[in-house]
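At position 193 of the sequence shown the residue is numbered 193 (my numbering), and the sequence of numbers has no breaks.
What follows is a short report on a single structure.
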Amino acid sequence: MHKVLLTGGLGFIGSHTAVELMEAGFDVVILDNLSNSSIEVLDGIEKISGKRPVFIQQDLEDYDSCFEALQQHKDLSGVIHFAASKAVGESVEFPIKYYNNNIGGLLNLLKLCREYSMFNFIFSSSCTVYGIPDVLPVTESTPTKKANSPYGATKQMAETILEDYSNATKDFHCIALRYFNPIGSHESAEIGELPLGVPANLMPFITQTAAGVRPKLKVFGNDYQTKDGTAIRDYIHVVDLAKAHVQALKKLQEEVLQTRYNFYNIGTGKGCSVMEVIDSFERTSGVTLAYEVTARRKGDVPAIFADTTLAKEVLDWEAQYDLDDMTRSAWNWQRKISNL
Ligand code: UD1
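Written out as structure tokens, the structure reads:
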């Protein structure tokens, strides 16, 4: 049985990945500082899996404490690194927080990987590394562009660091997964997205508006050069995304990849507009959503979606769920946490 460390494992993507990993027979150790997650998520994971992952409350910025905590877990063979700050707007306001947490934390984690011989590494990257792409869909060979936020810059830098480290370190292998827009929740509604304060992302804003927590959704712009004028993204069900991590880890363990550093787009390959997400939500929930169209949000990319051929070929992974599955499950989760 392989034992895997999940940094940020109580977050939205981390918790769903913990469930899928345990279902696939892995042992899971979660390290999380609870800065943007709640300890109750462990109960949700346990309810679904019938098993409670080991939990370490630590901050990766505190190297010595993490080193100490991992003394109990010298048999870890791999790491999935989710722990990072992820609010684009906040990163513009507090760039140092982002560089400390996302880059400082990664550097400490790589030192821990060396100390504890954790040689299989999966990194949470993002489609944000492509900036505003010239051609759609984006493939892994689409050039990356200068990041338009410190958050995006940390994802690009982290990929560079991991590529350099992989090339320099015998036995160390890394896969960076470039996530598109993860939404939805586990079908049990035992775990889901738990944004702190006012959500910055579309899906939790929609479900909170429908639940009466927010008065109205703002649709940021309907004057883009797209089918209905609203911006296009590649929304992916978080359970599909979680499964991509399991596949990636298996491929690292099987040692079937030609290179020590690899990166893959993880999306559905289908671009959906903001209006299509709203329509799907209204259809699956039966709720009419209060919304208004406002000005574009600064820094938003007009349209991006993935070519996922490489992930399919190399990782044997492909998204299974469609947009209606995503909006339905997101609403089930919101109803549960809002007691509706
Ligand atoms: C961005 C990044 C993504 C990153 C994420 C972190 C890109 C292409 N994507 O996601 O890599 O991981 O931030 O948070 O850079 N919208 C509204 N009203 C709202 C909220 C959003 O209309 O209240 C619209 C946005 O304008 C956008 C779409 O919904 O067109 C999705 O927005 P959001 O969920 O915030 O994700 P991204 O900005 O695409």
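Even for Gly, the Cβ is constructed at its ideal location relative to N, Cα and C.
Element boundaries [beta strand (DSSP E), containing residue i]
i	result
G78	76 to 81
L31	27 to 32
T7	3 to 7
F119	First-last for F119: undefined, no H or E at that position.
L217	217 to 220
Own chain partners of residue i with C-beta closer than 6 Å, once the 5 adjacent residues on each side are dropped
i	result
G44	E190, I191
W317	A244, Q247, A311
F12	E193
S188	I48
N148	G299
V92	S149
P204	E193, P195
Backbone CA spacing between residue i and residue j [nearest angstrom]
i	j	result
T17	I30	11 Å
D279	P215	18 Å
F305	K227	14 Å
V138	E313	16 Å
S37	L194	7 Å
K218	V88	17 Å
Y264	D59	28 Å
G131	G299	10 Å
N33	R335	27 Å
D134	L323	25 Å
N108	D62	8 Å
I80	F123	6 Å
G229	G221	7 Å
V277	R297	17 Å
I236	D75	33 Å
Q57	L10	10 Å
V225	S185	Per the sequence presented here, residue 225 reads as Gln, with Val not at that position. C-alpha separation (whole angstroms): 31 Å.
V41	F55	11 Å
P302	C174	31 Å
F26	V293	46 Å
P143	A153	15 Å
Q71	L315	32 Å
C272	T327	12 Å
V238	V198	21 Å
S338	S329	14 Å
K251	R260	12 Å
K51	V19	9 Å
D325	F94	35 Å
N332	Q320	19 Å
K146	V129	8 Å
E163	F121	11 Å
E23	K97	35 Å
L249	Y151	25 Å
Cutoff 8 Å; reference residue i; Cβ partners in own chain excluding five residues on either side
i	result
L196	N36
S125	K155, A158, E159, A176, L177, R178, Y179, F263
A290	T209, P215, K216, L217
T288	E282
M118	L5, L76, S77, G78, V79, L112
S65	Q58, D59
N100	E61
P285	Sequence inspection shows Ser at residue 285; the Pro mentioned does not correspond to that position. Hits under 8 Å: A210, T327, R328, W331.
Cut-off 7 Å between Cβ atoms - residues of its own chain near residue i, not counting five sequence neighbours on either side
i	result
V274	L202, V219, T230, A231
G8	G14, D32, F82, A83, A84
Y116	L70, K74, L76
L340	A211
E367	In the structure displayed, the chain extends from 1 to 340; residue 367 sits before or after that span and is not available.
Residue i: first and last residue of the uninterrupted alpha helix (DSSP H) it sits in
i	result
D279	274 to 285
P204	202 to 210
I13	12 to 23
At which residue ranges does the segment 131 to 186 contain complete alpha helix (DSSP H) runs of 4 or more residues, listed in the order of the chain? 150 to 168
Entirely within the segment 294 to 322 and at least 4 residues each: give me those alpha helix (DSSP H) ranges in chain order. 309 to 315
For the segment 48 to 104, list the alpha helix (DSSP H) runs that are entirely contained and at least 4 residues long, ordered along the chain. For the segment 48 to 104, the full-length alpha helix (DSSP H) segments reaching 4 residues or more read 63 to 69, 88 to 93, 95 to 98 along the chain.
Sequence ranges, beta strand (DSSP E) only - wholly within the segment 234 to 270, length at least 3: 235 to 237, 261 to 266
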